[in-house]
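Numbering (our numbering), first residue to last: 3 to 86.
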């Protein structure tokens, strides 16, 4: 298990997938299953935070009335975001 500070999104997702696989097999002792579950929750939260950070950075170029303008991607359309 790597330190959360050192993990990029892809590495965190790969580790989370491995944690899920271990838990789904059901052959780990209870104490280890609890530790794996806690690690999986931390990884899940970390991945979610990274996705939210990226989402805030992404902008779309939208054509409106023949003019182009930048607009935040995702989020609430009432707040100027575009959702797909």
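For every residue, glycine included, the Cβ atom is placed at its ideal position computed from N, Cα and C. None of these values were measured; they are calculated from a predicted model.
Could you say which of the options lies nearest to residue i if we only look at CA atoms?
i: residue 75; options: 66, 68 and 62; result: 62
i: residue 40; options: 17, 12, 68 and 67; result: 17
Looking at the unbroken beta strand (DSSP E) that takes in residue i, where does it start and where does it end?
i: residue 8; result: Looking at the DSSP string, residue 8 is not in any beta strand (DSSP E), and its letter there is neither H nor E.
i: residue 75; result: Counting along the chain, residue 75 falls outside any beta strand (DSSP E), and DSSP gives it neither H nor E.
i: residue 36; result: No beta strand (DSSP E) contains residue 36, which is instead part of the alpha helix (DSSP H) from 32–59.
Under 8 Å by Cβ, that's how I've got residue i and residue j pegged, so tell me the actual separation to the nearest angstrom.
i: residue 44; j: residue 11; result: About 14 Å; that fails the 8 Å criterion.
i: residue 64; j: residue 73; result: 5 Å
i: residue 13; j: residue 48; result: So it is not a contact: roughly 10 Å between Cβ atoms.
Looking at residue i: is its Cβ nearer than 8 Å to the Cβ of residue j?
i: residue 95; j: residue 9; result: No information on residue 95 is available, as it lies outside the stretch 3 to 86 that the chain covers here.
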